[in-house]
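Trainee:
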Amino acid sequence: MRWASVLAALPAASAVLAAPPVDTIRWVAQDVPPHFSFVQGRPPGSVAELGRGEVDGFMRVLLPRMPGYRHEFVEASTARYETESRRGRTLCSTLHVRTPERLQWLYFSHLYPPLASREIHVIVPRKLMAELAAGRPQDGRLALARLLERQDLRPLVARDRAFGVQIDSLLSRHAVPRLAVGAKFSHQLMDMLRAGRMDYTLEYPALVQDYLARVGDPGALVALPMAEGLSTLLATVSCSRTPEGLRQIKAIDAAVRELASDPDREAWVREWRGGRAEPQDQKRLNAYMDERARGGARIE
1 MRWASVLAAL
11 PAASAVLAAP
21 PVDTIRWVAQ
31 DVPPHFSFVQ
41 GRPPGSVAEL
51 GRGEVDGFMR
61 VLLPRMPGYR
71 HEFVEASTAR
81 YETESRRGRT
91 LCSTLHVRTP
101 ERLQWLYFSH
111 LYPPLASREI
121 HVIVPRKLMA
131 ELAAGRPQDG
141 RLALARLLER
151 QDLRPLVARD
161 RAFGVQIDSL
171 LSRHAVPRLA
181 VGAKFSHQLM
191 DMLRAGRMDY
201 TLEYPALVQD
211 YLARVGDPGA
221 LVALPMAEGL
231 STLLATVSCS
241 RTPEGLRQIK
251 AIDAAVRELA
261 SDPDREAWVR
271 EWRGGRAEPQ
281 DQKRLNAYMD
291 ERARGGARIE
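Pasting the structure below:
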């Protein structure tokens, strides 16, 4: 009887042993509301604790389509992301744009097309708005190239931050001071701008609006569009350039294509964007997802 019991248990035990291990993706988390927000000042503890901004909201829709993976969220600055990746540890991120330099230590794929909220603006104190606006062309956009040539204005931007090919190229040609920031959205830059310690910085308007609401000074800073502002052509996802990172970004890319092929696309877009999607954004998103559903993997 005892042997019979043991033999009867063998198929169940074999099934448990044969079950494939669940892989873990460790995601870089940075507090940059409203795009990606920490829960009570801490990184999300699970997918269920992700926010509903542009980036974390998309992850909330995407990650449940990866049943073979569990997800952890690690608070990490861009500098730490690079250091850990170069050491051979694997992290992934939806918060970093593709640059030629980052291709040395990261694999990249992409997630969705540019939305209105992804356009970098020049952020200035309100008192400078009239002076700068007066020099704008008819389309209302500043030329960052001209702005950087002005010796009477003091810029300051975040260190280790990539803004896209056009903007990064311009910044590299000028001695623009950089401020080191961590994994949380730096109030220091905005505080310095409000205090008049520099004249302008570069940022997403939504992040600035969130900051101003937090400090209770909604009119202090103004976001001005610029010609080079739509420099991030696609929202990207990246993983460390390791064997594990390659496996993980392939799985992420496959989940994006599955999402794009979902016949009920309208439902998950509504879950992600709520009532915030602008008509032009929706048109670009549909065209992108149609093409993504037809194509193969997009990994470099």
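In terms of my numbering, the sequence shown opens at residue 1 and continues consecutively.
C-beta atoms are modelled at their ideal positions from N, C-alpha and C, and glycine is treated no differently.
(1) Where do the ends of the beta strand (DSSP E) carrying Y211 lie?
(2) DSSP state of R2, grouped into three classes?
(3) Does DSSP put V165 in a helix, a strand or coil?
(4) Which full runs of the beta strand (DSSP E) of 3+ residues lie inside the region 82-130, going along the chain?
(5) Would you tell me roughly how many angstroms separate the C-alpha atoms of E258 and P205, rounded to the nearest one?
(6) For P243, does the count of other Cβ atoms within 10 angstroms reach 16, so buried, or fall short, so exposed?
(7) Quick one: using the 10 Å Cβ neighbour count with 16 as the cut-off for buried, is L207 buried or exposed?
(8) Three-state secondary structure (DSSP) at M289?
(9) Thinking C-beta only, is V61 closer than 9 Å to E49?
(10) Which one or two residues does DSSP pair with S240 in a beta bridge?
(11) So, at 7 Å on beta carbons, what are the nonlocal neighbours of L246 in its own chain, with the 5 sequence-adjacent residues on each side left out?
(12) Compare the beta carbon distance of V237 and L111 with 9 Å and say whether it is the shorter of the two.
(13) Taking all protein chains shown into account, decide if P64 is buried (16 or more other Cβ within 10 angstroms of its Cβ) or exposed.
(14) Tell me the DSSP bridge mates of R26?
Mentor: Let me spell this out:
(1) Element bounds for Y211: not the beta strand (DSSP E) but the alpha helix (DSSP H), 205-215.
(2) For R2, the pLDDT reaches just 43, beneath the cut-off of 50, and the residue's location in the model is therefore unreliable, leaving the point undetermined.
(3) helix
(4) 106-112, 121-125
(5) 31 Å
(6) exposed
(7) buried
(8) helix
(9) no
(10) L106
(11) Y107
(12) yes
(13) exposed
(14) E72
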